[in-house]
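K.L.:
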């Protein structure tokens, strides 16, 4: 059985210097974005979780890593995160998770899901208010035509 490769995104806390990027690419194959704040790596592992852990071990202390994520969603549509908290933060989070009666990974997963849901809801409400404000000063057909024109000229839009 062959082991798959997993594409992982590495978000850095600061841009790499050219020397740091050169050194990092000598030890493992990495692709950097234009500002060297994000790197992409392919990691050979049985599962995405094992790939995240393997990459964390390989680069820990060598690069200013903020978070490592899977590049593609898993079969459940989830992007997996690998975050290394400082010891004091880990201890504080563990205490709150224990107080909630949950293992730390479950506590963090639920907290992230709640934050994303709250953000989505707030964004939907903000857009609803903006649209209502626009509709107070124009007709629905004029607004729809303006949105169509804006989308047609948006970066990455297909040519008409």
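In the numbering used here, the protein residues as written are 213 to 372.
All residues carry an ideal CB built from backbone N, CA and C; glycine is no exception.
1. Below 7 Å CB to CB, which residues in the same chain sit around residue 243 once its five sequence neighbours on both sides are set aside?
2. Just to confirm the assignment, what range does the alpha helix (DSSP H) spanning residue 363 have?
3. Quick one: what does DSSP say residue 295 is sitting in, helix, strand or coil?
4. Considering residue 271, what are the terminal residues of the alpha helix (DSSP H) in which it resides?
5. Just reading off the alpha helix (DSSP H) that residue 340 is part of, what are its end residues?
6. For the beta strand (DSSP E) holding residue 234, just list the boundary residues, first then last.
7. Tell me, to the nearest whole angstrom, how far the beta carbon of residue 228 is from that of residue 219; I am working on the premise that it is less than 8 Å.
8. So what does DSSP say about residue 246, is it helix, strand or coil?
9. Using three-state DSSP, classify residue 301 as helix, strand or coil.
P.N.:
Here's the rundown:
1. 251, 252
2. 352-364
3. coil
4. 260-271
5. 316-347
6. Per DSSP, residue 234 belongs to no beta strand (DSSP E); it is in the alpha helix (DSSP H), 230-239.
7. Not confirmed; about 19 Å, so no contact.
8. coil
9. helix
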